[in-house]
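Numbering (our numbering), first residue to last: 1 to 208. Glycine residues also receive a C-beta, built at the ideal position from the N, C-alpha and C atoms. The next block holds one structure in the form of structure tokens; read it before the comments.
Following this line, the structure appears as structure tokens:
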């Protein structure tokens with residue numbers, strides 16, 4: 001199976017005004033790529049995690065007016081969904097791709113994960129490359145590179161994750177639009193797989 005890469009036209013989808021026109025473009029240009037990539041990565045992650053992994057492509061079904069600023073495909077160990085579980089994501093915005101390990105607001109493993117990560121901070125923090133990024137809210141584009149975080153700031157981020165119900169933890173790689181358009185599908189898959197291998201210890205910590 002040929003793995004598709006992303007091109008300028010995919011990123012330009014987010015310049016389209018209106019919910020229905022933008023969603024039609026997402027369905028036409030992006031979701032077919034997510035479907036192929038999703039099948040490949042579900043097999044890879046099934047081997048990595050040692051249990052069956054299912055693919056979930058964002059449908060944005062609850063939106064009635066505002067078009068989405070990003071869209072994504074997610075992988076989890078549940079066929080029914082991913083939001084309540086630690087999971088992995090590949091997504092696209094107008095200016096970058098994101099490759100995340102994610103615990104979002106519905107996930108009830110955030111608090112024990114944050115506590116364990118704080119307790120074994122030196123061990124796990126060292127496993128995360130300085131070039132990786134963090135997001136504390138998947139609905140916003142704001143991200144922080146690990147290299148720009150002090151240990152004190154990282155601890156505060158984890159404290160917030162443990163204490164604030166709506167806090168989130170997303171960690172992984174950002175690929176700028178220009179770079180993403182130069183990657184072949186196979187090269188993109190290699191970057192995604194490498195990212196998820198690197199983040200696998202965090203996933204296992206979240207599942208303890």
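query                                                                                                                        : result
To the nearest angstrom, how far is it from the Cα of residue 153 to the Cα of residue 28?                                   : 41 Å
Consult DSSP for residue 58 and reduce its assignment to one of helix, strand or coil.                                       : coil
Taking residue 137 as the reference, give the member of 17, 45, 169, 20 with the closest Cα.                                 : 169
Which residue's Cα is closest to the Cα of residue 7: 18, 96, 143?                                                           : 96
Measure the Cβ-Cβ separation of residue 4 and residue 185 and say whether it is below 8 Å.                                   : yes
Quick one: is residue 214 buried, meaning 16 or more other Cβ sit within 10 Å of its Cβ, or exposed?                         : The structure shown does not extend to residue 214, since the chain spans only 1 to 208, so no value can be given for it.
Using CA atoms only, rank isn't needed, just tell me which of 133, 188, 85 is closest to residue 148.                        : 133
By the three-class DSSP mapping on this structure, what secondary structure does residue 71 have?                            : strand
The alpha helix (DSSP H) that contains residue 21, what's its start and end?                                                 : 19-25
Could you tell me the alpha carbon to alpha carbon distance between residue 115 and residue 162, rounded to whole angstroms? : 7 Å
Name the DSSP beta bridge partners of residue 171, please?                                                                   : 101, 134
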